[in-house]
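So the sequence shown is numbered by the working numbering: it starts at 190 and just counts up by one. Note that beta-carbon positions come from the ideal geometry of N, C-alpha and C, so glycine has one too. Okay, structure first, notes after.
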Amino acid sequence: MLDIKFIRDNPEVVKENIKKKFQEEKLPLVDEVIELDRRNRDAMTEANSLRAARNTLSKQVGMLMGQAKKDPSKLAEAEAAKAQVKANADRLAELEQLETELAAEIRKIMMVIPNIIHPSVPIGPDDSANVEVERFGEPVTPSFEIPYHTDIMERFDGVDMDAAGRVSGAGFYYLMGDIARLHEAVLAYARDFMIGKGFTFCIPPFMIHGNVVEGVMSQTDMDAMMYKIEGEDLYLIGTSEHSMIGKFIDQMIPEDTLPQTLTSYSPCFRKEKGSHGIEERGVYRIHQFEKQEMIVVCRPEESMDWYEKMWRYSVELFRSLDIPVRQLECCSGDLADLKVKSCDIEAWSPRQQKYFEVCSCSNLGDAQARRLKMRVRGESGTYLPHTLNNTVAAPPRMLIALLENNLQADGSVKIPQALWPYMGGVKVLTPKH
190 MLDIKFIRDN PEVVKENIKK KFQEEKLPLV DEVIELDRRN RDAMTEANSL RAARNTLSKQ
250 VGMLMGQAKK DPSKLAEAEA AKAQVKANAD RLAELEQLET ELAAEIRKIM MVIPNIIHPS
310 VPIGPDDSAN VEVERFGEPV TPSFEIPYHT DIMERFDGVD MDAAGRVSGA GFYYLMGDIA
370 RLHEAVLAYA RDFMIGKGFT FCIPPFMIHG NVVEGVMSQT DMDAMMYKIE GEDLYLIGTS
430 EHSMIGKFID QMIPEDTLPQ TLTSYSPCFR KEKGSHGIEE RGVYRIHQFE KQEMIVVCRP
490 EESMDWYEKM WRYSVELFRS LDIPVRQLEC CSGDLADLKV KSCDIEAWSP RQQKYFEVCS
550 CSNLGDAQAR RLKMRVRGES GTYLPHTLNN TVAAPPRMLI ALLENNLQAD GSVKIPQALW
610 PYMGGVKVLT PKH
């Protein structure tokens with residue numbers, strides 16, 4: 190969410206940014222919110238004048254009423270002053286109600302005006318215009334056929350989609366045996382990898398209040414992703430970023446505690462509303478999964494340096510597991526409204542002969558901080574921090590990449606050396622079928 194003062198002073202910049210995001214339908218909102226802001230400020234000015242006059246008029250009424258007891262001719266003047274006090278009080282109540290209504294309208298519009306994108310973001314209407322920046326590791330195409338990922342898992346008796354369908358419906362799964370152990374090994378390794386980078390490990394709440402949801406994501410994303418707990422002001426998190434950034438809601442953060450660098454584990458729950466293929470076999474796009482996340486809260490001038498560090502951590506992690514990856518810069522039309530800049534880390538799929546998304550790194554500037562009323566107390570005053578997030582590892586997708594890239598011709602799966610300690614020293618998984 191932008192600062193209303195910025196919109197007031199830079200309406201053309203805001204409109205140009207909307208055009209760059211190919212959201213022309215939002216252009217009228219800029220002039221609309223500026224007019225609402227003008228009316229709100231006029232109401233506040235008038236209300237402040239009435240409040241300032243209230244004490245003076247009240248004293249005047251008291252004085253005139255005292256005089257009227259001695260001189261009845263003063264009674265009319267006293268009654269007129271009392272009537273003015275009442276009229277002012279009525280008008281002040283109207284103005285306060287108007288301020289509340291206008292503030293709500295302004296916030297509603299401000300929540301959908303997109304954040305100003307970074308100058309380096311490529312311009313394009315959708316993900317087809319995303320730009321490959323760099324590749325890491327050599328994509329390998331083996332001489333043997335690589336089965337679909339659930340077929341690989343089934344050779345190890347490692348997945349049961351049918352039972353999950355009976356119990357929970359489409360978009361769920363049971364992981365079993367060696368595959369379940371590999372899943373947990375990946376999460377444990379990702380946790381320790383980030384702790385090794387100096388991040389503090391955290392397990393957050395898995396449900397959050399509606400005002401936190403509103404603070405960390407756009408309304409469009411909220412409707413498409415979040416599951417609400419019926420009858421309660423609670424939502425299941427779609428990623429631990431939601432509760433981790435929400436941790437700082439309404440907080441004044443001492444500047445000497447920045448940067449806050451946190452790595453969090455959580456299950457994630459997503460509707461995947463409108464997603465294609467949710468009914469298809471497999472664990473690529475599902476309603477429930479587990480993830481290790483990284484979060485940074487920092488000074489504004491440091492956020493782009495952290496953005497660079499964070500996506501490179503993802504590359505380093507995947508390369509340590511022998512998985513080739515590439516960095517894909519997200520174009521303007523593919524950025525969520527709160528994001529200043531974002532990139533995807535995509536892993537190589539030997540079966541599909543293409544890359545697919547496994548991590549998403551985002552710099553949100555001060556948008557989440559403004560929505561959540563996060564502040565930093567510095568030597569020269571208070572200011573809004575910047576927030577960033579990035580996937581460390583989301584095992585369903587990472588498992589696909591790991592299994593495909595480490596599958597051997599005999600159907601066994603080579604365990605990358607980094608995972609040996611988390612697999613009890615097991616170096617190779619041997620299929621049962």
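Practice prompt. List the whole-angstrom C-beta distance separating Ile426 from Ser432, where the pair is believed to meet the contact cut-off of C-beta under 8 Å.
Written response: At roughly 6 Å, the Cβ-Cβ gap stays under 8 Å, so Ile426 and Ser432 are in contact.
Fill in: Environment of Ala536 [buried if 16+ CB atoms lie within 10 Å]
Within a 10 Å sphere around the beta-carbon of Ala536 sit 16 or more other beta-carbons, which makes this residue buried.
Worksheet item: Who are the Cβ neighbours of Phe458 in its own chain at under 6 Å, not counting the five residues just before and after it?
Response: Closer than 6 Å at Cβ, skipping near neighbours: Tyr416, Leu425, Gln477.
Practice prompt. Please list the segments of the alpha helix (DSSP H) lying wholly inside the segment 486-540, counting only runs of 4 or more residues, in order along the chain.
Written response: 492-508, all fully within the segment 486-540.
Fill in: Option in Ser503, Val529, Ala278, Ser569 with minimal Cα separation from Cys548
It is Ser503 whose Cα lies nearest to the Cα of Cys548.
Worksheet item: Counting Cβ pairs, one atom from each stretch, are 3 or more of them under 8 Å apart for the segment 486-497 and the segment 595-605?
Response: At 8 Å Cβ cutoff, the stretches do not touch.
Worksheet item: Hey, out of Tyr544, Leu527, Gly420, Leu506, whose CA is closest to Leu608's CA?
Response: For Leu608, the closest of Tyr544, Leu527, Gly420, Leu506 by C-alpha to C-alpha distance is Leu506.
Worksheet entry | Coil, strand or helix - Val322 by DSSP | Residue state, collapsed to three classes: strand.
Practice prompt. Assign Met563 to one of three DSSP states: helix, strand, or coil.
Written response: Here Met563 sits in coil by DSSP.
Item to complete: Using three-state DSSP, classify Glu546 as helix, strand or coil.
Response: In the three-state reduction of the DSSP assignment, Glu546 falls in the strand class.
Practice prompt. Decide if Gly636 is buried, meaning its Cβ has at least 16 other Cβ atoms within 10 Å, or exposed.
Written response: The structure shown has nothing for residue 636, since the chain only spans 190 to 622.
Fill in: CA nearest to the CA of Lys167, picked from Thr234, Met300, Asp198
What is shown of the chain runs 190 to 622, which leaves residue 167 out entirely.
Discussion item. With H, G and I counted as helix, E and B as strand and the rest as coil, what does DSSP make of Glu482?
Written reply: Glu482 falls in the strand class under three-state DSSP.
Worksheet item: Near Lys208, what residues of its chain come up, given a Cβ to Cβ distance below 8 Å and the 5 sequence neighbours on each side ignored?
Response: If the five residues before and after Lys208 are omitted, its C-beta is found closer than 8 Å to the C-beta atoms of Leu216, all from its own chain and listed in chain order.
Item to complete: Specify the secondary structure class of Gly463 as computed by DSSP and reduced to three states.
Response: In this prediction, Gly463 has a pLDDT of 49, which is less than 50 and means its spatial position is unreliable; nothing more can be read from the coordinates.
Worksheet item: Between Lys480 and His307, which are expected to be in contact by the criterion C-beta below 8 Å, what is the C-beta distance as a whole number of angstroms?
Response: The C-beta separation of Lys480 from His307 comes to about 25 Å, leaving the pair out of contact by the 8 Å criterion.
Fill in: Rounded straight-line distance, which links the Cα of Thr619 to that of Gly554
Cα to Cα, the separation comes out at about 47 Å.
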